[in-house]
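Those letters in the sequence shown? Residues 134 to 909, per the numbering used here, in order. Backbone N, C-alpha and C define an ideal beta-carbon position, used for all residues, glycine too. A short worksheet on the structure shown next.
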Amino acid sequence: MGDRDIPMTAGALGAGRLCPRPTLDLPSRVPGHRDTLVGRDLEVLTLSALLGEEAHRLITLTGPGGVGKSRLACAAVADARIARVAYLDLHGTTGCDDLAETLSAVLPDEPCLLVLDGCEQAADATAAAVDTLLGHAPALRVLATSRRPLRLYGERFLPVPPLPTPPSPYRQDVLELQDYAAVELFVDRARAIDPSFALTAQNARAVAEICTRMDGLPLAIELVTEKLRLFPVDSLLTRLREGRPVLGGYHAARSPLHRSVHSITEHSFRLLDEEQRALLTHLSVFTAGTNLPTAEEFWELPAHRTEQAVEALVGHHLLRVAPGGGEPRFTMFNTVREFCLERLSATGELPDARRRHAEHFLSLALEAEPYLTGPQQAEWLQRLAPLHEDLLAALAHLETSGRRLDAARATLALHRFWLVRGHLDLGEQWLAKAAETFVAAPGHEEPSARAHAARGEVALARGSVRLAADCFWRAACAFREQGETAHERAALAWLAFTHQSAGPETIRKAAAQLLRVASHEGATVQVANAALPLAAGSWCTDAKLTADLLDTANSLFLRARDVRGEGLVLGMRGVLADCQGDQALSERLLWEGLYRLRSIGEHMVLPSVLEGHAVHLWRRLPHQGHRVARLLAAASALRESTGAHPPLLVHGVAAALPDARRLLSGSEYAAAWREGRVLSAVAAAGEALAFGPPPAGSASAVSRPARLTARQYEVAKLVSQGMTNRQISQRLGLSEWTVVNHVREVMRRLDVPSRLHVAKWVLGREYHDAVDTLAE
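Pasting the structure below:
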């Protein structure tokens, strides 16, 4: 026992009321730990700093079970180097009415820190005892760990969050993922089981998803890594996706309460009343969480009682409030969900709960379908995004319970959401099942044709041209049999694009047919969408036909107030303007298209538009190379995560990317690239839009785009300072002849006749940089 710990005599641990000696351990030394504390450096520093301030007499660490409150408390106490420390483990204590009396008899009079670990089981009695102790012992300070606050005057809360986890969609970049503390912990514990384990490009996505499914809870991650003794990483993830229990392991190195997630959740469950337990178990069928109205509908309770129960569950860290504005959403830790699903299964209530869940999301999908194109698409896309996992769970339940037609109807309703948000693999798999189901069901020819056409669009976005051609051919045949001329022409337009290698005549013929259909009053957004690939296929051979197709598509999108369609047309017009040499117009059009695509959270074509806008930005503002690198990296990561290879925006701007990468190379570019890889789609689009397009009209001599390399720009700045070639060579460590060549190349690229004009250009550029900085 160290001299910092108070030497006390430990009694025996018993159940029930606390008595002076026999039923509870008296304070002892702070326990040590033999494994590393991963990902808690900031929390340890924060807590140890608070412990070093005598003004904070009561500090309470709060958080869900298994988050590591006890470990953090012990690590911070050790780091703070407090002279006198007493530790009391209250886990499993069911009553401690005389805790204050017992501790008063054994705690010293001199300054002391009392660590009370696990106060939630008897929170009220512990709070009363702590209040009494602090009132009678001015030299005493208390550090408590609990799932809920003690709610005493002067209490300082320190919430302990789960470890950061990678966001979805998961990427395979090892350098990115190893920066997340949850992944670091997984790898550390996995190596304790298998010293050869390493995070690789092959297992990175699986490890990232496992850590996220464990909610970043250290105990859950440690327990799931124990299963690596039996299963490889991919098999372990499959079991998690299938809902099969994997956390029932036994952690021998921990106290009985912490040896499994089941025991620690059961401990929390016992703190609830019957109404709260029933609500929690029934909400466990919701994978992505729910809101108060849905909770009321499922539990059939009055609104005020449901709100009270939800508030209590949040207080016990069994539900958590999802970030974001608007109607609050409540999500459940996956570890808690697994426990509750086991209880539902044991009571026989799980099948009915699954059925009601599937019915709810089937109705939601069918309700959303007409709004996913049109003026309300942004609102509905945003509404569906956080519910995606629940929608998939509902589809799976409908299919496995024999309701394949309902699953197919919901799939067809959701295909536009999958296409816009880049869930292409999932979309193609479910649409394949839907098409097969509709074909086998008599009287469902129309949805069968629509399913083939939708699958073709998704397949083409993934770059699967042969599969897309087969789907569009089937769709066209089915629409023809039903007399659906407009939809048939749209399917044939897509089919012609997949066969564009046959020659421009194929595109022209399909375009002529589609334009005739589009002139009718009843032409739909589907016709407008089909006009876009034909425009992409014809702009190298027939500029007028391309313009006609884009004008037609744009008029249909405007009539339907379809924001995504407007954004696609603007992006394609921006590409066309660039091919025609009008870079200023191209940048303005791409900026406008990017603005619209960001507003709906578009993922599929966003990478191409981001790249086009980034290259234009680099041409106009070469000093913003680090921002350009981040945008290019974000586009690359987004394309990688979605697997999207849309053919609509394969354009001349992309040809400039290798040159841009070469000119922006260096250590700063590498750092900016890593920063950009972790940007979300919305964040990347926002960064691109922060720099508005150039104003309409001709550019001034100062603002004219100049493609200087980083070294050339550095030389130009030294020229503006009046340095000679020899002075510049000495400053940069270059030969004088190399500097002469740099100066000549700068003058050529700026199209100026002398060094004086180079200096004027640099001064003008720096003035505009300052204006841009103020504008930010």
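Strand pairing of residue i, partner residues [DSSP]
i, result
"T871", "None; T871 has no bridge partner."
"V248", "Y220, L276"
"P292", "T195"
"R910", "The chain is shown only over 134 to 909; residue 910 falls outside these bounds and no answer can be derived."
"L423", "Correcting the residue type first, residue 423 is Thr in the shown sequence and not Leu. DSSP lists F463 as partners of T423."
Extent of the continuous alpha helix (DSSP H) run through residue i
i, result
"R910", "Since the first and last residues shown for the chain are 134 and 909, residue 910 lies out of range."
"V761", "758 to 775"
"E444", "436 to 448"
"E579", "578 to 594"
"G704", "696 to 712"
"S862", "858 to 865"
"S887", "Per DSSP, S887 belongs to no alpha helix (DSSP H) and is neither H nor E."
"L505", "Careful: L505 lies outside any alpha helix (DSSP H) and carries neither H nor E."
"W672", "Here W672 belongs to no alpha helix (DSSP H), and DSSP marks it neither H nor E."
"Y728", "716 to 732"
"Q562", "557 to 573"
"R489", "483 to 501"
"V815", "814 to 822"
"E359", "351 to 359"
"I326", "314 to 326"
Residue i versus the options, residue with shortest Cα-Cα distance
i, options, result
"I192", "V293, V239, T235", "V293"
"G535", "R488, P241, M737, P456", "R488"
"S813", "L545, R859, L765", "L765"
"K893", "G855, H875, E878", "G855"
"R753", "L425, G596, D327, Q716", "Q716"
"E617", "S719, L267, A656, L552", "A656"
"G422", "A518, E433, R554", "A518"
"A693", "G636, P503, V650, S581", "P503"
"Q515", "L730, L889, F290, L232", "L730"
"A277", "T871, A256, E186, A777", "A256"
"E243", "L266, Q254, A272", "A272"
"E621", "C604, H875, F330, V885", "C604"
"V748", "R274, E720, V738", "E720"
"A501", "T533, E407, R542", "R542"
"M347", "N336, V316, A325, S329", "V316"
"L691", "T506, A645, L180", "T506"
"A188", "L246, L175, F419", "L246"
Contact check, residue i vs residue j, beta carbons under 8 Å
i, j, result
"G698", "L723", "no"
"D306", "R810", "yes"
"A669", "L727", "no"
"D367", "A339", "yes"
"L285", "G251", "no"
"L682", "L701", "no"
"E399", "F472", "yes"
"L405", "L416", "no"
"F571", "A584", "yes"
"Y220", "V177", "no"
"L743", "A817", "yes"
"V598", "H736", "no"
"L545", "R595", "no"
"Q615", "E578", "yes"
"A601", "T631", "yes"
"D675", "R706", "no"
"T679", "L648", "no"
"A623", "V660", "yes"
"D321", "T427", "no"
"R173", "L194", "no"
"L361", "A323", "yes"
Heavy atom of the ligand GDP within 7 Å of residue i beta-carbon
i, result
"L678", "No copy of the ligand GDP appears in this structure; indeed no ligand is present at all."
Element boundaries [beta strand (DSSP E), containing residue i]
i, result
"T464", "462 to 465"
"V454", "452 to 454"
Proximity test, Cβ basis, 8 Å: residue i and chain C
i, result
"L236", "In the structure shown, chain C does not exist; there is a single protein chain."
Assess, as a yes-or-no matter, whether the region 195 to 205 is touched by the region 346 to 355 under the definition of 3 or more beta carbon pairs within less than 8 Å.
-> Contact holds between the region 346 to 355 and the region 195 to 205, because three or more Cβ pairs, one in each stretch, are under 8 Å apart.
Answer yes if the region 494 to 511 comes into contact with the region 460 to 480, meaning at least three C-beta pairs across the two stretches below 8 Å, and no otherwise.
-> No, the region 460 to 480 is not in contact with the region 494 to 511.
Using 8 Å as the Cβ pair cut-off and three pairs as the minimum, do the region 306 to 315 and the region 255 to 266 touch?
-> Using a Cβ-Cβ distance cut-off of 8 Å, the region 306 to 315 and the region 255 to 266 are not in contact, since fewer than three pairs of beta carbons, one from each stretch, lie closer than that value.
Cβ contact check for the region 475 to 489 and the region 311 to 321: 3 or more pairs under 8 Å | With a cut-off of 8 Å, the region 311 to 321 and the region 475 to 489 do not count as touching, because too few Cβ pairs lie within range.
Determine contact between the region 437 to 450 and the region 492 to 502, defined as no fewer than three beta-carbon pairs at a distance below 8 Å.
-> Because the criterion of three Cβ pairs below 8 Å is not met, the region 437 to 450 and the region 492 to 502 do not touch.
Pairing CB atoms from the region 443 to 457 with CB atoms from the region 270 to 289, are three or more of them under 8 Å?
-> In short, these stretches touch, since the Cβ pair count reaches three.
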